[in-house]
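Chemist:
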Amino acid sequence: MVAGPGVAICPDCAAAAMELFSRKKESTVRAPWSGMTDDELLAHLPEIAAVASQVEERLGAWVGTARERRISWARIGASLGMTRQSAWERFQPPR
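Using this note's numbering, you'd call the opening residue of the sequence shown number 354 and step up by one each time.
1) Tell me whether G430 is buried or exposed, calling it buried when 16 or more other Cβ atoms sit within 10 Å of its Cβ.
2) From D392 to E410, what does the alpha carbon distance come to, in whole angstroms?
3) State the Cα-Cα distance for the pair E400 and A384, rounded to the nearest angstrom.
4) Given this structure, state the Cα-to-Cα distance separating L395 from V408, to the nearest angstrom.
5) For W386, count neighbouring Cβ atoms within 10 angstroms of its own Cβ and tell me buried if that reaches 16, exposed if not.
6) Using CA coordinates, which residue listed in A402, G357, P358 and A414 is at the minimum distance from P446?
7) Could you give the distance in angstroms between the alpha-carbon of V382 and the alpha-carbon of L373?
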C-alpha cells in the first residue's frame with residue numbers, strides 16, 4: 354500500500370495509473386454534446402441548470418461560513434477572482 358496524507362493506493366492501482374498517465378495523448382477529447390441530437394441536447398439543459406443552481410447554493414454556504422469566521426470580503430473576493438465589492442454584492446445575505 355502506498356500512502357500519504359489523506360490518500361492510499363495499492364501497488365497494482367499505482368502501476369495502472371502510471372501506465373495510463375505515461376501514454377501519449379491519442380486524440381482531443383470531444384465535448385459530450387458534440388454527438389447529441391438537438392433533442393438530446395435540449396433534454397440535458399434542465400439537468401445542467403439544476404446542477405448550476407446546486408453549485409451556486411453550496412458556494413453561498415461556503416462563503417457564509419467564511420463570513421462567520423470573520424474572513425474579509427476582500428479575501429473572499431480574491432479567492433474567487435473578483436473584487437471585494439463584487440463578492441459582497443453577490444453573496445451578502447438579504448436583509
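Glycine included, C-beta positions come from ideal geometry on N, C-alpha and C.
Modeler: With the structure as the only source:
1) Note on G430: 16 or more other CB atoms within 10 angstroms of its CB, so buried under the neighbour-count rule.
2) Their backbone Cα atoms lie some 28 Å apart in a straight line.
3) If you take the alpha carbons of E400 and A384, they lie about 16 Å apart.
4) The alpha-carbon of L395 is positioned some 21 Å away from that of V408.
5) Counting other Cβ atoms within 10 Å of its Cβ, W386 stays below 16 and is therefore classed as exposed.
6) Nearest C-alpha to P446: A414.
7) Between the alpha carbons of V382 and L373 lies a gap of roughly 15 Å.
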